[in-house]
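Data block below; observations after.
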Amino acid sequence: MSSPDQPRKKRRVDPQEGSSSFVSPEILPLVSPSQVLKSSKDPNRGMYPRNDRTKNKRTLSCASFTKASKLLKESIEKDAQSKKTEVSDLSLAEVSIREDGPSSQKSKQLNQTKSKQDFKTSSSELSTKTRRKMSKSKFPIASSLANKIINYFKPTPESSAKKKAQSKTAINHSRDGPVNVNDHADGSGILSNYSHAPGPSGTQSSHRSLNEIFAIPVQHEQFEKKMRYYGLVEEPSDEKYDENSPCYFTHLPQHILETILCQLPFIDLMKNRLVCSTWRDVISDPKFMEWKKRYYGLKKCIGEYVSYMKELCSELKLIAVENCFETLLKFMSTELNRKPSADMYELLMKNTKAAQAELVLTERFPELLNKESKVWCIFTTALLISETVDDVHGIYKSLMTPKSGCSRHDITDAFYCVATFLLFFRTEYGINHGLHYRVYNALYWIENELPSKNTQGSQTLNILKGLPGQQSIHSYCEKSNGNLTNEQLRILNHRLQPSQIIKIVALAGTGKTTTLIHFAQLYPQMKFLNVMFNKAVCEEAKKRFPPNVTCRTAHSLAYTVFGNRLRFKLASKVRPHDLVPYIEHHAGSNLPVHSYAKLVLSTIEKFLFSTEEEIDLVHVPSSQSEVGVRNVSEADKCKILKDATLIWEKMIDRDNKQLKITHDVYLKLYQLSKPKLVGYHSIMVDEAQDCNLAMLNIVMSQNLPVILVGDPNQQIYGFRGAVNALESFSPTHIYYLTKSFRFGPEIAYVASCCLEVLKTDNSNTLVGTNKPSYVDGKAEGQYAIIARSNAQLFNEAIRICCQGRLKPNEPTVIHGCFAGGLRSYNFDQMIDIYKLLNHHDGPVPHLNDKFIARFKSFKELTSYARNVEDSDLLTKIDLVGQHNSLIVDYISIIKEKCSYSMALANVVFSTAHKAKGLEFDTVCLTDDYPIVPSIDYRRRNNRIRLRLQAYYFNWAVDAEESNIIYVALTRAKNCLILPDKLLRVLLAAQEKFEYPMPPSLVSNGHSKLECIGCCETFTPHTSLILVRRKIVAANGRTIKGGALCTKCATEPTVRPRVQIEPVVMFLDPTADYAHRSMAAFVGPLPSDPPIIRDSFGAFHEMDVVYVINLNV
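For the sequence shown, our numbering gives the first residue as 334, with consecutive numbering after it.
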């Protein structure tokens, strides 16, 4: 292509030539080619591609009916030759038109004798006569079969009157059909406000309005005709079909429709009810996927479905958690009403879990095996004793082999039936969360299985390219490394329209960036502004996003206008000590001067993060939790307001160079100026949950469609004034991304338990990809230690780098680094604090840190840190007091061993906040996250309150603290090492990593086993026993793995273990619903004597027992 300095020779473009030309997705015609007249002086006339580019048109490899139709036509010709029959001229004409289109020889002869208008009329009559004559032909088998197959998927064109009625009532923001701009030419409608929206600056497309960009030109008749066939048959000729011809879509057999529709995810299934009345009748049938509908109704806590499950369980006489599994088996045996296929039992027995399930039913529920529905009982038991998601998925694959006679509809609905009962048992009776999660994750895999793109024998689909407007998804999906999920395709199928606010809730690692990249590629004619929160993430995004996306941070937008003018006043942080010289109204206040300055600074910061235009009393802190003082009187508030207003005016004054400002100051000035972002057609907001109100006001004030992307569970910057933008605005469309491509189902299960237990969030379940992941203490690849606080992180670095106290699976050779760089942690400041600590008499030693040098003694520094509640400074003071003279050597060694880059380091030290946006092969979490959930799942909101002073986490878990540990654990890709507190979260979900297994898998050929619970030897006499998996915790403690005897496997209570070195505490026993429910499979047999259990009374007073750990 010629450069702007050397324009190519202008060339007149014929309308027909331009309409059939191929245009690359990056370069599109600025106007429709059919609108360019031969005598036009359009300056863009030479911009259109040449017609010879159609030779390079690429097509997508995708299965279709094209090959079958071609084979059928070949068989017709062979049949005609073998019987030596002469086809009538009319039949030959129709066959030639059908095979070759308007370029056939017969069409050329007709074109030579008739005009174009006569040809269209004659060909229409010819087509009608041909169909009648072929139906009466002597050879009706081949001809009528060909006609039936080709016309099977031929939709009936709507009448012109109906089309006019629809065009007048069409809504412009419909996502399925093209927008008719002419219907709103008078300025009415949703697009009227955008008819003169400016395009990107510096480009020719700036002359195009959003109406033209969002709309698909109606002149592309070839595109419209091809889209009528949806890629199911060969491309039709230019002949118009008879409006009275029948639509064979409506005659598709119902069992085929059910087989196809039952494989769709629930949201897509509900949307497809609007396709036609036939599909609506099939989907709305009470017998069609009835348990799938009940499952999602129960998951959304709809009262109708909750009441139904309660009534059903009451009829089945479910009275206690011990009867849950028995009740489910009885229902599957008597009331499922699904007839199994003849080969279902044979296919099921090829699965190992199913064979074990039959043994369990034989010894415990033999009456269920005497019925025809015994297969469903074996199927259900196999799901209940599965250990992993792969085991559950393997049962589905065993039943749905290529030669299987099982009904896909019945098998899928049976999975949902079991999932519905397990979800109800988890909610009402508190059974193990993993039972439901494994079935749900497997169902997600089943519904998102897509055929391979390079399957042999797949046919090509002729996709029309080079059109303005939304591009074909297929042309971009074939370039991606993996298949897109249904959730991602649902977003990509969205048709962007003005005034839309699109909300995308993307859980951790679910590919939101990839989805946005594909979305931008589908609109190459549009200019997107991607507003990002982090500068490092923004720089990485610039390398990945297409050229029509501009990636900027909110601060970079403001810097070009206001930040550059105030650049000499910028500082990374403004402390209360910096404001003391500028305070004028402190006289008469009972507050210490530094506490008063802290209140003034908090007032200004609250104003910076808001949308107000002036500082008001609402910005002045008043509660104890905000600043740490008991009361702020009304008189003090007025004084604070006056000083805050005065200091704000000095901050924005360019002549005052002494008072420094942060980057949020010029961002606030930018927001107050009410900017207009010219040159963009849509705005994307990444990590929307971390934006403050000032940032959101800049974006939402633009008259453009906005795409808000983020995860409410990852909102961890509340101390910066961040608000959850996903909940602050009412969106026009909501989409969810729940499948993580970062980790497997084991890590995804731990993350889901955190959301369910700590935040009671059951709306969206995070699922993992089908790759192995580990939570048992295994480590591989890059090893990352993620701590909640800087103090804990520094102590971990000392333990590994300086003291050499390594835990199991930790690297022995350390090539470390700190996330964000060592400078960001400012460890050198502790050396100056140590110098100040040891200074008693004489002159103050030389201090490198300018802030520490302001204080004359260690006492003065400590008093300041406590008055202003500087947590970072208090942490460093505590570390200096803890390590004393060794602090200098420790910092020197850490600098030496942690000088590697992130790519070359094998050990990474990071806090949870700095780790956001990163991922590591192995993640080890420290035990300083302030989360102490209730052990009893049904009373999890009543937090455990310990009276032990050292154990200071005695309040309900803060929502942001729950988000922080969720962010930290979802950084793992392959392995996650769990701390004791996270193990307690899993215990609240009744997860102890215990699974029913055959004794032969753990006996190693011995007849007797040792119980890991009571340490007694026992001889297994049941087909399944309970086996605990070995776990290595983050603090190095090993949870012993092995077999449990019948008594320990059915123990109805559990004593939670809490360790605060050197003390180990065991709390009061609470109900163990996992053991009580699993007793149906691993408990004593009916012929066994009853188990005699010891009674343990509750501990008194402090409700804990202490065990001194002498090994510490």
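Cβ atoms here follow ideal geometry from the backbone N, Cα and C, with glycine treated the same way. All values derive from a computational prediction rather than experimental measurement.
* Is it the case that the Cβ atoms of A1027 and S943 are separated by a distance below 8 Å? -> yes
* Asked: Which first and last residues belong to the beta strand (DSSP E) in which V1240 is found?
  -> 1240-1244
* Please classify T1208: does DSSP put it in a helix, a strand, or coil? => helix
* To do: Would you identify the three-state DSSP class for N765, choosing helix, strand or coil?
  => coil
* To do: State the DSSP-derived secondary structure class of I937, mapped to helix, strand or coil.
  => helix
* Does the count of Cβ pairs from the segment 1293-1307 and the segment 1323-1342 closer than 8 Å reach three? -> no
* Coarse secondary structure for S1015, derived from DSSP in three states -> strand
* Based on Cα-Cα distance, which residue from M682, K707, E1113, T846 lies nearest to K1518? -> Lying before the first or after the last residue shown, residue 1518 is absent from the chain, which here runs from 334 to 1445.
* Asked: Q1022: which of G1051, H1014, Y999 sits nearest, CA to CA?
  -> G1051
* If you draw a straight line from the alpha carbon of C1378 to that of G727, how long is it in whole angstroms? -> 29 Å
* Whether G763 touches Q1323 by CB criterion (8 Å) -> yes
* Have a look at V693 and W709 and give me their C-alpha separation to the nearest angstrom. => 14 Å
* Asked: From V725, M733, L1315, pick the residue whose C-alpha is nearest to that of I1080; which is it?
  -> L1315
* **Cross-strand partners of M1330 (DSSP beta bridge)** => I1358
* Taking Cβ to Cβ, would you say L1002 is nearer than 8 Å to F1160? -> no
* Residues bridged to G1043 by DSSP? -> V838
* To do: Kindly list the residues whose CB is nearer than 8 Å to the CB of I296, restricted to its own chain and excluding five residues on each side of it in sequence; keep chain order.
  => A question about residue 296 goes unanswered here, because the residues of the chain that appear run from 334 up to 1445.
* To do: For the segment 850-865 and the segment 833-842, state whether three or more C-beta atom pairs, one from each stretch, are separated by less than 8 Å.
  => no
* By DSSP, does E1143 sit in helix, in strand, or in coil? -> coil
* Along the alpha helix (DSSP H) that carries K972, what are the first and last residues, could you check? => 967-984
* Assign R613 to one of two classes, buried (16 or more other C-beta atoms within 10 Å of its C-beta) or exposed (fewer than that). => exposed
* Kindly indicate which residue of L776, M1017, H918, E945 has the alpha-carbon position closest to the one of A747. => L776
* Where DSSP assigns a beta bridge to Y1116, which residues make up the other side? -> V1240, T1255
* Asked: According to the neighbour-count rule (16 or more other Cβ atoms, all chains shown, within 10 Å of its Cβ), is L840 buried or exposed?
  -> buried
* **Coil, strand or helix - L924 by DSSP** => coil
* With a floor of 3 residues, list each beta strand (DSSP E) that falls wholly inside the segment 608-684, ordered by position along the chain. => none
* Please report the Cβ distance between L681 and S647, rounded to the nearest whole angstrom; I am assuming they are in contact, meaning their Cβ atoms lie under 8 Å. => Contact doesn't hold; Cβ gap of about 31 Å is too wide.
* In this structure, does DSSP put Y1068 in helix, strand or coil? -> strand
* First and last residue of the uninterrupted alpha helix (DSSP H) at C1086 -> 1078-1091
* Proximity of A977 and V913 at Cβ, strictly below 8 Å -> no
* Out of K686, G1250, F1242, state which residue places its alpha-carbon closest to the alpha-carbon of C1257. => F1242
* Asked: Could you check where the beta strand (DSSP E) with M865 kicks off and where it finishes?
  -> 861-865
* **Residues of its chain near A1198, where Cβ-Cβ distance is below 7 Å and the 5 sequence neighbours each way are ignored** => L1206, L1207, I1210
* Asked: How many angstroms separate the CA atom of K1007 from the CA atom of V1042?
  -> 23 Å
* To do: Kindly indicate which residue of F1151, K1183, N1200 has the alpha-carbon position closest to the one of Y1233.
  => F1151
* Asked: Do you know whose CA, among K1249, N1200, I1264, Y1158, lies nearest I1224's CA?
  -> Y1158
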